[in-house]
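Student: Supplied in structure tokens, the structure appears directly below.
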Amino acid sequence: MPEWTPDGSDPETQGITITRVFDAPRELVFKAWTEPERFARWFGPSDAEVPPSTVSMDVRPGGAWRATMFAGPGRHEIRWKGVYREVVAPGRLVFTISDQPSGEHEVVTVILTDLGDDKTEMRFHQVGGHLPPEEYPRAKHGWSVFFERMAELLAEA
Amino acid sequence: MNSAVAVDQLSSTFAALADPTRRAILARLADGEATVNQLAEPFTMSLQAISKHLKVLEHAGLITRGRTAQARPSRLHGAPLKDAADWLEGYRRLWEESFDRLDEHLKRQPHFPALQRERPAPPGGAGLPT
Chain V
789 MPEWTPDGSD
799 PETQGITITR
809 VFDAPRELVF
819 KAWTEPERFA
829 RWFGPSDAEV
839 PPSTVSMDVR
849 PGGAWRATMF
859 AGPGRHEIRW
869 KGVYREVVAP
879 GRLVFTISDQ
889 PSGEHEVVTV
899 ILTDLGDDKT
909 EMRFHQVGGH
919 LPPEEYPRAK
929 HGWSVFFERM
939 AELLAEA
Chain F
17 MNSAVAVDQL
27 SSTFAALADP
37 TRRAILARLA
47 DGEATVNQLA
57 EPFTMSLQAI
67 SKHLKVLEHA
77 GLITRGRTAQ
87 ARPSRLHGAP
97 LKDAADWLEG
107 YRRLWEESFD
117 RLDEHLKRQP
127 HFPALQRERP
137 APPGGAGLPT
């Protein structure tokens with residue numbers, strides 16, 4: 789049973805899924821996600837800055853986190869925030885993320901697997917949190933495939 | 017990150033897309049405009065039900081409907097879908113670049129495998145504090 793989505797549907801067809809292997813033990817990867825000083829050093833694109841002083845993390849179910857990012861040459865300010873849902877060190881982290889004051893948010897799941905040799909596989913999944921789980925489509929083709937097809941069709945237009 | 021795109025529009029778009037019948041309708045309209053009768057063909061549901069779906073899609077700005085009294089053909093309006101696709105793509109780019117940086121960050125971290133590896137559970141002592 790896939791551990792991504794509440795209804796067990798295929799994670800590959802919804803939202804964003806990224807898998808990476810890092811040359812570091814799980815504990816360090818988990819710390820990178822959950823310690824403000826470390827998180828500030830990698831979160832964001834290469835032309836963005838997250839001052840460590842803007843990051844706070846209350847790493848427990850129901851705890852809040854936030855970070856302020858200054859993005860791009862114009863140093864456009866983005867206020868990220870969210871709430872942790874599941875915290876199981878060093879293997880599993882589920883939290884919401886939003887840059888909207890209105891509370892529209894996405895749900896992120898991070899699963900870390902020890903591959904031996906001090907290597908860690910990280911499976912990352914982000915899915916929209918603004919629809920109740922039972923409304924998630926159980927379609928043959930998920931949103932990402934659909935969007936890709938639409939984008940192709942629109943590009944031809 | 018997505019400040020240029022009204023959050024309400026995205027919510028309407030995603031809510032409209034959450035239904036498989038509506039997605040099928042949009043896919044059909046991608047091939048060209050169609051009347052309610054034409055759109056209803058593949059489905060066993062009533063014309064009324066299809067019309068309800070079309071109202072949701074129209075309200076979300078995903079289709080426009082002609083004003084000709086009888087036929088009222090529906091036509092795809094692509095901008096909100098493209099916005100939604102761009103929005104999701106923006107998140108993907110954010111994370112891919114972040115993970116590149118995370119990779120670099122982790123490579124620079126000293127770590128001592130012998131100390132940080134989880135200790136195996138003592139034989140016969142599962143559940144006891146170590």
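Residue numbers (the working numbering), protein chains in the order written: chain V, 789 to 945; chain F, 17 to 146. Yeah, the Cβ is synthetic: ideal placement off N, Cα and C, and Gly gets one too.
Using alpha carbons as the reference points, say which of Phe912(V), Asp906(V), Asp887(V), His893(V) lies closest to isoleucine 899(V).
Tutor: Out of Phe912(V), Asp906(V), Asp887(V), His893(V), Phe912(V) has the C-alpha closest to the C-alpha of isoleucine 899(V).
Student: Closer than 8 angstroms between beta carbons: that is the criterion. Which residues of the stretch 108–127 of chain F meet it against chain V?
Tutor: Under the 8 angstroms Cβ criterion, the stretch 108–127 of chain F contributes Arg108, Arg109, Leu110, Trp111, Glu112, Glu113, Ser114, Phe115, Asp116, Arg117, Leu118, Asp119, Glu120, His121, Leu122, Lys123, Gln125, His127.
Student: Just tell me which of Met845(V), Asp846(V), Gly832(V) has its CA closest to the CA of isoleucine 866(V).
Tutor: Nearest option by C-alpha distance: Gly832(V).
Student: From the DSSP output, read off the bridge partner residues of histidine 913(V).
Tutor: Its beta-bridge partners are Thr805(V), Thr897(V).
Student: Can you list the residues of chain F that glycine 916(V) reaches, using a CB-CB cut of under 7 angstroms?
Tutor: Those are Phe30, listed as they occur along chain F.
Student: If I follow the unbroken alpha helix (DSSP H) through phenylalanine 115(F), where does it start and stop?
Tutor: Start and end: 95–123.
Student: Hey, could you find the ends of the beta strand (DSSP E) phenylalanine 827(V) is sitting in?
Tutor: Per DSSP, phenylalanine 827(V) belongs to no beta strand (DSSP E); it is in the alpha helix (DSSP H), 824–830.
Student: Do you know how far the Cα of alanine 65(F) is from the Cα of methionine 910(V)?
Tutor: Computed Cα separation, rounded: 44 angstroms.
Student: DSSP has threonine 908(V) in a bridge; who is on the other side?
Tutor: Partner(s): Phe810(V), Asp902(V).
Student: Could you check the C-alpha separation between isoleucine 849(V) and valine 843(V) for me, to the nearest Å?
Tutor: Just to set this straight, residue 849(V) is proline in the shown sequence, not isoleucine. C-alpha separation (whole angstroms): 18 angstroms.
Student: Between arginine 814(V) and the rest of its own chain, which residues show a CB-CB distance below 7 angstroms, the 5 nearest in sequence each way excluded?
Tutor: Pro878, Gly879, Leu900, Asp902, Thr908, listed in sequence order.
Student: What does the alpha-carbon distance come out to for the pair glycine 862(V) and glutamate 113(F)?
Tutor: So the two alpha carbons sit approximately 19 angstroms from each other.
Student: Would you call histidine 864(V) buried or exposed, if buried means 16 or more other Cβ atoms sit within 10 Å of its Cβ?
Tutor: Burial call: exposed.
Student: Could you tell me the alpha carbon to alpha carbon distance between serine 841(V) and histidine 127(F), rounded to whole angstroms?
Tutor: Straight-line Cα distance between these residues: approximately 25 angstroms.
Student: List, in chain order, every chain F residue whose beta-carbon is nearer than 9 angstroms to that of phenylalanine 883(V).
Tutor: Chain F residues near phenylalanine 883(V): none, gap ~14 angstroms exceeds 9 angstroms.
Student: Taking the alpha carbon of tryptophan 103(F) as the point to measure from, which residue in Thr807(V), Ala812(V), His893(V), Val838(V) has its own alpha carbon closest?
Tutor: Nearest of Thr807(V), Ala812(V), His893(V), Val838(V) to tryptophan 103(F), Cα basis: His893(V).
Student: Does DSSP put valine 817(V) in a helix, a strand or coil?
Tutor: Three-state DSSP puts valine 817(V) in a helix.
Student: Could you check whether the Cβ of phenylalanine 831(V) sits closer than 7 angstroms to any Cβ belonging to chain F?
Tutor: Answer yes: the Cβ-Cβ gap between phenylalanine 831(V) and chain F drops below 7 angstroms somewhere.
Student: Kindly list the residues whose CB is nearer than 8 angstroms to the CB of glycine 77(F), restricted to its own chain and excluding five residues on each side of it in sequence; keep chain order.
Tutor: Taken in chain order, the residues that qualify are Gln25, Ser28, Thr29, His93, Ala95, Pro96.
Student: Just to confirm, are threonine 80(F) and arginine 88(F) a CB contact at a threshold of 7 angstroms?
Tutor: Not in contact: threonine 80(F) and arginine 88(F) (Cβ atoms no closer than 7 angstroms).
Student: Closer than 7 angstroms, Cβ to Cβ, to anything on chain F: give me those residues from the stretch 808–823 of chain V, in chain order.
Tutor: Residues Arg808, Phe810, Asp811, Ala812, Pro813, Glu815, Leu816, Val817, Ala820.
Student: Any C-beta of chain F within less than 7 angstroms: which residues of the stretch 833–862 of chain V qualify?
Tutor: Taking 7 angstroms as the Cβ-Cβ cut-off against chain F, the residues of the stretch 833–862 of chain V that qualify are Pro833, Ser834.
Student: Given a threshold of 16 other Cβ atoms within 10 Å of its Cβ, counted over all protein chains shown, does glycine 916(V) qualify as buried or as exposed?
Tutor: With 16 or more Cβ atoms within 10 Å of its Cβ, glycine 916(V) is classed as buried.
Student: Looking at the unbroken beta strand (DSSP E) that takes in serine 90(F), where does it start and where does it end?
Tutor: 90–92 is the span of the beta strand (DSSP E), which, as asked, contains serine 90(F).
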